[in-house]
Amino acid sequence: MSVLTDNTDLTLRLAGHFREAEALLASGSPELMNLPRKKAFQDFIAQGIPTRKSENYKYTNLQPAFAREYHFLHQRPKIDFKPGEIFRCDVPQLDTHLVILLNGWYYEENSPLACLPEGVFLGSLEEAARKYPELVAQHYGSLAETVADPLVALNTALARDGYFLYVPKNIRIEKPIQIINLLLADNDAYVTQRNLVVAEPGAEVKLILCDHTLNLNNYLNNSVTEIFIDENASVDYYTIQNQHNQSASVNSVYIRQMENSHVTTNTISLHGGLIRNNLKVIIDGENSEANVYGMTFLDRKQHVDNFTQIVHAKPHCQSNQLYKNVLEEESSGAFTGQIYVMRDAQKINAYQRNNNLLLTDKALMQTKPQLIIEADDVKCSHGATIGQIDEEALFYLRARGIEEKQARLMLMNAFAYEVIRQVKVEPLRDRINELIEKRLRGEISRCHECAYHCNC
Amino acid sequence: MLSIKNLCVSIEGKEILNGINLEINPGEVHAIMGPNGSGKSTLANVLAGKEEYEITDGEIYYLGENLLELSPEDRARKGIFLSFQYPVEIPGVPMINFLKTAVNEHRKFKGEKPLTAGEFLKLMREKKQLVEMDTELTNRSVNEGFSGGEKKKNEIFQMALLQPRLAILDETDSGLDIDALKTVAHGVNALRSPENSTIVVTHYQRLLDYIVPDHVHVLYKGRIVKSAGKELAFELEEKGYDWIKKENEE
Chain E
22 MSVLTDNTDL
32 TLRLAGHFRE
42 AEALLASGSP
52 ELMNLPRKKA
62 FQDFIAQGIP
72 TRKSENYKYT
82 NLQPAFAREY
92 HFLHQRPKID
102 FKPGEIFRCD
112 VPQLDTHLVI
122 LLNGWYYEEN
132 SPLACLPEGV
142 FLGSLEEAAR
152 KYPELVAQHY
162 GSLAETVADP
172 LVALNTALAR
182 DGYFLYVPKN
192 IRIEKPIQII
202 NLLLADNDAY
212 VTQRNLVVAE
222 PGAEVKLILC
232 DHTLNLNNYL
242 NNSVTEIFID
252 ENASVDYYTI
262 QNQHNQSASV
272 NSVYIRQMEN
282 SHVTTNTISL
292 HGGLIRNNLK
302 VIIDGENSEA
312 NVYGMTFLDR
322 KQHVDNFTQI
332 VHAKPHCQSN
342 QLYKNVLEEE
352 SSGAFTGQIY
362 VMRDAQKINA
372 YQRNNNLLLT
382 DKALMQTKPQ
392 LIIEADDVKC
402 SHGATIGQID
412 EEALFYLRAR
422 GIEEKQARLM
432 LMNAFAYEVI
442 RQVKVEPLRD
452 RINELIEKRL
462 RGEISRCHEC
472 AYHCNC
Chain B
158 MLSIKNLCVS
168 IEGKEILNGI
178 NLEINPGEVH
188 AIMGPNGSGK
198 STLANVLAGK
208 EEYEITDGEI
218 YYLGENLLEL
228 SPEDRARKGI
238 FLSFQYPVEI
248 PGVPMINFLK
258 TAVNEHRKFK
268 GEKPLTAGEF
278 LKLMREKKQL
288 VEMDTELTNR
298 SVNEGFSGGE
308 KKKNEIFQMA
318 LLQPRLAILD
328 ETDSGLDIDA
338 LKTVAHGVNA
348 LRSPENSTIV
358 VTHYQRLLDY
368 IVPDHVHVLY
378 KGRIVKSAGK
388 ELAFELEEKG
398 YDWIKKENEE
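Going line by line, the protein sequences match chains E and B. Position 48 (the first sequence) corresponds to 69 in our numbering; numbering is contiguous. Position 24 (the second sequence) corresponds to 181 in our numbering; numbering is contiguous.
As C-alpha cells, then:
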C-alpha cells in the first residue's frame with residue numbers, strides 16, 4: 022500500500038474519489054443536496070486538506086488521519102442487526118426520545134415520531150429533503166459556508182444523510198432528544214454526516230448527542246450540523262464524545278439565533294484519538310444569549326482542539342464561553358476562541374475563559390483567545406490559565422485520610438464541576454458525573470473493545 | 158503515644174527545626190508556644206505528613222510506629238488529625254462528599270462497613286451541634302466562602318467526625334472572636350478522653366484559658382527552649398517573647 026504524505030497528493034486522491042463517486046452520490050440524493058456538490062468540491066480543492074500552516078488549523082494536524090485508506094460509505098448501509106441490541110445505552114434513569122445513526126446514516130427503524138408532539142419531525146435528512154423540500158432548501162448550506170472551511174466543503178460535496186429535526190412554532194419538547202451516532206463498519210471507514218435543526222419562534226428543545234465507535238477500525242468522521250433558532254426559541258445542545266483512540270473526528274456546528282432566543286452548548290470529550298470541534302454561533306437578534314461550554318479529558322496521545330467563534334451581530338446580547346481541559350500523559354489540547362463584535366452590536370457582554378489542568382510534563386496545551394471588537398460600548402473579557410493540581414488542596418484531602426489517587430480524582434472532578442453544573446438536565450448531569458468518574462479511573466478507556474458494554 | 162527525638166527539618170535548604178525532643182503520653186494536652194517564625198507550624202505540618210519538608214535528622218514514633226514512613230492519609234487513618242491554620246478552599250468538592258469519603262476511608266481502614274447515606278447524615282447532624290455548625294455551610298463546597306471563624310469551626314467539626322487519637326491544633330485561635338473561640342474550645346474539650354492526646358500550637362495564651370494544657374513548651378529558632386506546666390503560658394503572656402529571646406541570645 023502506498024502511503025501518501027503530502028497534503029496536495031491527499032487532496033488529489035480525494036478529488037479522484039469524488040469524480041468516481043459523483044454519479045453514485047447524485048443518483049440517490051434529493052436535488053437540493055446535489056445542487057451544491059460541484060461547487061463545494063471545487064471549494065475543497067481550492068483550499069485543500071488543511072495543513073498546520075492554515076491559520077484556523079494550526080494546532081491540529083489532520084494529515085495522518087487523511088493519509089489512511091478508507092472505505093467511503095456513500096450508500097445506506099444494510100444492517101442485519103438491531104443497533105439497539107448491540108448497543109446498550111447505559112443511562113436507565115435518563116428518559117429521552119432516542120434515535121440512532123449508523124455511520125452517519127439515520128437508522129430507518131427509529132420511530133420517535135409517535136411520542137413527539139404533533140408537527141415535530143425528527144428523522145433522516147435525506148427523507149426530509151423530499152418531504153419538506155422548501156423548509157430544508159431554505160436552510161441547507163446557508164450557515165456552513167464551503168468557502169470558509171475545507172472540511173465543510175468536503176462534507177457538503179459528499180453529504181448523503183444525517184438527522185433533521187424540525188420543531189414548529191411554540192412547541193416545547195419536554196423530554197430531551199437523544200441522538201446516538203454509532204460508528205461500526207467492516208473496514209476502516211470515512212464517514213460523512215450532515216444534520217439540520219430548525220427551531221421555529223417560541224420552540225424549545227434539548228438535544229443530547231452521543232458519539233461512539235463500536236469496533237477498533239479506523240474512522241475519519243466529518244460531520245456538519247446547522248442549527249437555526251428563531252425568535253423566542255431555546256435550544257440546548259449537549260455533546261458527549263466517546264470514541265476510541267484510532268478514530269479521528271471533525272465536528273462543525275453552526276448556529277444562528279434570532280431575537281430573544283437562547284442557546285446553550287456543552288461539549289464533553291471523554292475519549293477520541295483526534296477530535297476537532299468547530300463551533301460558530303451567530304447572534305443575529307437582540308436580547309439573545311449564547312452559552313458555550315466544553316470539558317475535555319485527554320490522556321495517552323489524544324488530541325482535542327476546540328475552535329469557537331461567537332459573532333455578535335446585534336446589540337443587547339450576552340455570550341459566555343467556558344472551556345476546560347484536563348491533560349494527562351502525552352496528550353495535547355488546543356483552544357481557540359474568537360469573539361467578534363460587529364460595529365452596530367452595542368451593549369454586548371461577551372465573556373470567555375479557558376482553564377487547563379496539565380498533569381504531566383509531556384502534555385501540551387495551546388490556547389488562543391481572539392477579540393475583534395468594532396463597537397465601542399461593550400463589555401468583553403477573556404482569560405486563559407494553565408496549571409497543575411493544587412498541592413495544598415491535595416494535602417488537605419489526604420490529611421483527612423483520603424487516598425492520594427482518590428483525592429486527585431476528587432480535585433479533577435471539582436475542576437470539571439464548573440462546566441458540568443451548566444448541564445441543566447439533571448439526570449444527564451448526574452450521568453455525566455458518573456462517566457467522568459469512570460473516565461478518570463480509566464474504566465471506560467477500553468470500552469470500545471467491547472460492543473456490549475458501551476457507555477453512552 | 159508520640160515520641161520525637163532530635164527532629165531536624167529544613168525546607169529548600171533552610172533549617173527550620175533544629176533538634177526537637179518531645180514525649181506525649183495518652184490523655185495529655187501539650188501546648189507549643191513561641192514567637193512567629195519559630196517553627197511551630199512546621200512541626201505541625203511535619204507530623205501530618207506534608208511532603209515539601211526535608212527531614213534531615215531525628216525520628217518520630219507514633220503508637221510504636223515510625224511515623225516518617227507513613228503517607229499523610231495513613232497517618233490520618235491511624236488517628237492523627239491536623240486542624241489547619243489556613244484551611245484551603247476547594248470549590249467543586251462538596252462538603253458532604255468530602256466528609257463522607259473521609260469518614261468511610263477511616264472506617265474501611267479499621268475494617269468497618271461504610272456508613273450508608275442515612276447513617277452518615279445522622280452522624281453529621283449530631284456532630285454539627287457540637288460546634289454549632291450551620292447546615293448551610295455543609296451544603297457548600299469545602300470551605301468555599303467560609304469566614305475565618307467558620308473555617309476553624311469546620312476543622313473541629315471534621316475532628317469530631319473523625320475521632321482522632323492525636324489532634325494537632327495549629328493556631329486554631331487565630332481569627333476567632335471570643336464567642337467562636339469558646340465554641341471551638343468547647344468542641345475540643347468534649348472530644349478529650351484518657352486515650353486521646355492534643356497538641357495545641359498557639360502564639361497567645363488566650364486559647365489555653367479554655368483548653369487547659371498539662372505541659373507548655375516554648376519553641377524558639379527551631380528548638381524547644383523551655384518546658385513547664387501551664388503556669389509557663391501565663392508567664393509568657395506577662396513577659397512576652399522578648400524574655401525568651403534575650404535568654405537564648407546570651
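Virtual Cβ for every residue (Gly too), placed ideally from N, Cα, C.
The segment 414–432 of chain E makes no contact with the segment 281–295 of chain E; the number of CB pairs closer than 8 Å stays below 3.
Cβ-Cβ distances below 8 Å link K79(E) to R73 in the same chain, with the five nearest sequence neighbours on each side left out; the list follows chain order. For the C-beta of N434(E), the chain B residues within less than 8 Å are, from N- to C-terminus, G249 and V250.
Rounded to the nearest whole angstrom, the CA to CA distance from G358(E) to K301(E) is 10 Å.
Close CB contacts of T246(E) within its chain, under the 6 Å cut and outside five residues either way in sequence, are with N216 and V274 (chain order).
Contact between L272(B) and R264(B) holds: CB atoms are separated by about 7 Å, below the 8 Å threshold.
CA-CA distance, A205(B) to D257(E), rounds to 47 Å. At a cut-off of 7 Å between C-beta atoms, Y344(E) does not count as an interface residue with respect to chain B. Chain-ordered listing is empty here: chain B has no CB closer than 8 Å to the CB of M54(E), the nearest sitting near 45 Å. Taking the beta carbon of I423(E) as reference, the chain B residues within 7 Å of it are E230, T258, A259 and E262, listed in sequence order.
Counting along the chain, no beta strand (DSSP E) covers I66(E); the unbroken alpha helix (DSSP H) around it starts and ends at R58 to Q68.
For I369(E), there is no enclosing alpha helix (DSSP H); the residue is found in the beta strand (DSSP E) stretching over I369 to L379. For H187(B), the three-state secondary structure derived from DSSP is strand.
The contact set of Q315(B) on chain E, defined by CB atoms closer than 9 Å, consists of R421 in chain order. Within the same chain, no Cβ atom closer than 6 Å to the Cβ of L156(E) is found once the five residues on either side in sequence are excluded.
Annotated as proximal: L241(E) and A86(E), with beta-carbon spacing under 7 Å. Just measuring C-alpha positions, the residue of Y127(E), L119(E) and N77(E) sitting nearest K99(E) is Y127(E). The C-beta of M431(E) comes closer than 7 Å to at least one C-beta of chain B. Counting of Cβ neighbours within 10 angstroms places A67(E) among the exposed residues, the total staying below 16. Interface annotation for the segment 376–392 of chain B against chain E: empty, criterion Cβ-Cβ distance under 8 Å. Q427(E) reaches chain B at T258 and E262, counting residues in chain order whose Cβ is nearer than 8 Å. Taking 7 Å as the cut-off, the Cβ atoms of V369(B) and A188(B) do not count as close. The three-state reading of DSSP puts D257(E) in strand, counting E and B together. Beta bridge pairing from DSSP links I276(E) with I248(E) and V302(E). Going by C-alpha positions, K383(E) is about 9 Å away from L348(E). Around the CB of F65(E), 16 or more other CB atoms lie within 10 Å, so the residue is classed as buried. According to the DSSP secondary-structure assignment, C401(E) is paired through a beta bridge with A371(E). Taking a beta-carbon distance threshold of 7 Å, A206(E) does not count as an interface residue toward chain B. Between E147(E) and Q214(E), the alpha-carbon positions lie close to 11 Å from each other. From the listed residues H360(B), K387(B) and Y361(B), the smallest Cα separation to D371(B) is found for K387(B).
Residue pairing of A385(B) in beta bridges, as defined by DSSP: V373(B). In the three-state reduction of the DSSP assignment, Q159(E) falls in the helix class. Within chain B, the C-beta atoms nearer than 7 Å to that of A414(E) come from V245 and I247, in chain order.
Where E216(B) is concerned, the enclosing beta strand (DSSP E) starts and stops at E211 to Y219. Against chain B, the CB of Y417(E) has a partner CB under 7 Å away; the residue lies at that interface. Sequence-distant Cβ neighbours of A174(E) in its own chain, meaning closer than 6 Å and more than five residues away, are A61, D64, F65 and T167.
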